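Structure first, then comments.
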Amino acid sequence: SKEYLEKIDGAVARASDLVRRLLTFGRRIEPVLRPMDLNQAVIQAVEMLKRTLPKMIRIETGLAADLRTINGDATQLQQLLLNLGSNAGDAMPAGGTLTFITENLPLERERVQRDAHTGMDGRVQIKVSDTGHGMQPETLKHAFEPFYSTKEIGKGTGLGLSTAYGIVKNHGGEITCESEPHRGTTFFIRLPVLEDTDV
């Protein structure tokens, strides 16, 4: 029957998505890096989230006008932002605010970070914050581990944040998280800027 075929189709799509996430997490899907404006990835992700998140969730942005160019895979970075936005939506069942902020990190902080191993000479940061229920310390400790999930069975793969972690690492960046119960969650994603010598 048509309904039966639709169920099969849905199962295949979910399996395909799971495989893609596993490959991304396992770093087998290499990003296709090109010079890009991270603000554009945020704008496009926000447009998609506005169509998919419940109306009682307000989305705000604070995008730096002078944001430095990065070497990034726009598709993977949008997937990362959609993952974080979707999780934030789940954390605000009664509504709330989801905020995306981009900024150039001050060079003083970068001098401490710069070393032979990364060769970084500056980074841009995206802050993704929600006003949701937050995470318990134990949950926060395991947040980026694959298959770790607080969602009930059938509601998630436990790969959302581990996939996000894999994408950021593939871009030579880092992702950290701050969260407290009833005080919301903020993710900090720092990505290396594209240096003049890279162009």
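The numbers in this note's numbering rise by one with no breaks, and the one at position 83 of the sequence shown is 657. Glycine included, each C-beta is placed from N, C-alpha and C at the ideal position. Quick caveat, the model's predicted, so the values are computed rather than measured.
Rounded Cβ spacing between residue i and residue j (contact assumed at less than 8 angstroms)
i: residue 650; j: residue 741; result: 5 angstroms
Beta-carbon proximity of residue i to residue j, cut-off 8 angstroms
i: residue 665; j: residue 759; result: yes
i: residue 610; j: residue 638; result: no
i: residue 698; j: residue 679; result: yes
i: residue 676; j: residue 735; result: no
i: residue 765; j: residue 747; result: yes
i: residue 754; j: residue 708; result: yes
i: residue 631; j: residue 663; result: yes
i: residue 745; j: residue 636; result: no
Close beta carbons around residue i, own chain, < 6 angstroms, minus the five adjacent residues each side
i: residue 608; result: none
i: residue 728; result: Note on residue 728: pLDDT 39, under 50, position unreliable in the model; no value is reported.
Contacting residues, own chain, Cβ-Cβ under 7 angstroms from residue i (five flanking each side not counted)
i: residue 738; result: 654, 657, 658, 749
i: residue 619; result: 652, 655, 656, 659
i: residue 752; result: 760
Neighbourhood of residue i by C-beta, 8 angstroms cutoff - its chain only, sequence neighbours within 5 removed
i: residue 641; result: 611, 612, 613, 676, 677, 678, 698
i: residue 628; result: 663, 669
i: residue 710; result: 755
i: residue 634; result: 671, 672, 673, 674
i: residue 604; result: 744
i: residue 624; result: 633
Exercise. Could you give the uninterrupted runs of the beta strand (DSSP E) lying entirely in the region 626 to 683, keeping only those of 3 residues or more?
Worked result: For the region 626 to 683, whole beta strand (DSSP E) runs of length 3 or above, ordered along the chain, are 631 to 636, 644 to 646, 670 to 678.
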